[in-house]
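Beneath this line is the structure, given in structure tokens, with notes to follow.
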Amino acid sequence: MLSSCSTLGNTSFASSVESCSTLNPKGGKRGMSTAAALMLTSLVDAFSILVAYLLVSMSNTGEVLYVDAGTELPAAKNTFALERHTIIKIKKDKLSLEEKEIDPNSLVAMLVEIRKQWGEHNTDPQAEAALTIQADKSTPYEDINRIVTSGNNAGFGEINFAVLQN
Amino acid sequence: MSRGNVKNLDSEIDLVSVISLQSVCICFLLMTVVWINIGSFQVKQAVGGQAAEDTKKEPALWTLVKPDGAIELRLENAPAKLVKAFGMVIKGVEGKPNLESLKQSLGQLKSELPEINMALIKPESKSAYGEVIRLMDVIKGEGFASLGVAPL
Chain A
1 MLSSCSTLGN
11 TSFASSVESC
21 STLNPKGGKR
31 GMSTAAALML
41 TSLVDAFSIL
51 VAYLLVSMSN
61 TGEVLYVDAG
71 TELPAAKNTF
81 ALERHTIIKI
91 KKDKLSLEEK
101 EIDPNSLVAM
111 LVEIRKQWGE
121 HNTDPQAEAA
131 LTIQADKSTP
141 YEDINRIVTS
151 GNNAGFGEIN
161 FAVLQN
Chain B
1 MSRGNVKNLD
11 SEIDLVSVIS
21 LQSVCICFLL
31 MTVVWINIGS
41 FQVKQAVGGQ
51 AAEDTKKEPA
61 LWTLVKPDGA
71 IELRLENAPA
81 KLVKAFGMVI
91 KGVEGKPNLE
101 SLKQSLGQLK
111 SELPEINMAL
121 IKPESKSAYG
131 EVIRLMDVIK
141 GEGFASLGVA
151 PL
């Protein structure tokens, strides 16, 4: 009675186990439909597992870093989760600060300005201003060193290198 | 009151709408899922970051990369016996640092001096950034939690 007056009655199909049985195949009877039956319960179960898995593996920190095409980050095992800090990118001798291409000579001045703004908003006395450097793995270290030194001169005590987690 | 007037309290979930909702969720999550995990390697500027009197006299390992890929190890603020034993040069292999030998030496050092946590790295100016990160990764993997880079 319940199934006849409910929405389930309209949407459910004949049991697939019943129709696919090899011992007593009802599907073999004359006049029976040859359409495959669909087990909605197992489909819902599978979907639920998939949703749960994807929710767990989903990043809830949002997009922190955009890696340009042609940039291959170095890989490392002993890493920390990437946090949102001031990002400096090096790509083929071009330097960009927060996705805006800049003149390398003005880097220190711009970093000093950012550090000043950070100091005005920061309330934690233990916190240190941090910088994230993103570069291709083939970049010579002297280019990285220039940014590390500039960051240090501007008052950034912590330098983070963006890497791929192994 | 007759039995027929009793309201049926059983309810059912409409599976079609559940499946539709889950399909939308799966599509959204598949499109937004992060397949590549990006992490960060935290270092500090080894020299010039703070005043000399603020610097704690704790044991530190200096790792200097030479142009031929050799790694020079130098211990500071440690017992003289260990400074002598671990002051060594690890020869490079095909112009690149020999990370396996470095790993062994660091393991020995860590067993002799467990309180050592600081390692300072001075790479060669022409070293590839990827090689420097690999070197740092090996050092960090051996239990050196505090890493610093020296300016060139």
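In order, the protein sequences belong to chains A and B.
With my numbering applied, the first sequence covers 1 to 166.
With my numbering applied, the second sequence covers 1 to 152.
Heads up, the beta-carbon is just placed ideally off N, CA and C, and yes, glycines get one too.
Since we're looking at a predicted model, the values are computed, not measured.
DSSP places A60(B) in the uninterrupted beta strand (DSSP E) bounded by A60 to V65. Comparing alpha-carbon positions, the option among L55(A), S48(A), G70(A) and L43(A) lying closest to T139(A) turns out to be G70(A). If you check the CB distance, P59(B) and E115(B) come in under 9 Å. Excluding the 5 residues flanking it on each side, G87(B) has same chain C-beta neighbours closer than 7 Å at L73, R74 and L75, in chain order. T132(A) is not a Cβ neighbour of A154(A), given a cutoff of 9 Å.
Distances from the CA of L65(A) to each of L54(A), A75(A) and L82(A) were compared; the closest alpha carbon is that of L82(A). The C-beta distance from T79(A) to F41(B) rounds to 6 Å, short enough to fall under 8 Å. The beta carbon of A81(A) falls within 9 Å of a beta carbon belonging to chain B, placing the residue at that interface. Among the bridge pairs identified by DSSP, M118(B) is matched with A60(B) and S146(B).
Taking a beta-carbon distance threshold of 9 Å, Q104(B) does not count as an interface residue toward chain A. With respect to V51(A), I19(B) sits apart: the two C-beta atoms are not nearer than 9 Å. A contact is defined here as three or more CB-CB pairs under 8 Å, and the region 12–29 of chain B fails this definition with respect to the region 92–111 of chain B.
Partner residues in the beta bridge of S96(A), as assigned by DSSP, are K89(A) and E101(A). Listed along chain A is no residue with a C-beta nearer than 7 Å to that of A119(B); the closest approach is about 12 Å.
Counting only Cβ-Cβ distances below 7 Å, D137(B) has contacts in chain A at A76, K77 and N78, in chain order. Per DSSP, reduced to three states, the secondary structure at S40(B) is strand.
In the DSSP assignment, R115(A) falls within the unbroken alpha helix (DSSP H) covering L107 to H121. In the structure shown, N152(A) adopts helical secondary structure according to DSSP, grouped into three states. Between the alpha carbons of L147(B) and E112(B) lies a distance of about 20 Å. When C-beta distances to chain A are compared with 8 Å, every residue of the region 58–75 of chain B stays at or above that value.
For V89(B), DSSP records a beta bridge to E72(B). When the five nearest sequence neighbours on each side are left out, the beta carbons in the same chain lying within less than 6 Å of the beta carbon of I121(B) are those of T63 and V149, in order along the chain.
Scanning its chain for C-beta atoms nearer than 7 Å, with the 5 sequence neighbours on each side dropped, one finds around E124(B) the residues V65, K66 and P67, in chain order. With a contact defined as Cβ atoms closer than 8 Å, P74(A) and K116(A) miss out at about 31 Å.
For V132(B), at least one C-beta of chain A is nearer than 9 Å to its own C-beta. The Cβ-Cβ distance between I71(B) and L109(B) does not fall below 9 Å.
Cβ neighbours of I87(A) within its own chain (closer than 7 Å, five residues either side excluded): L65, E98, T132 and Q134.
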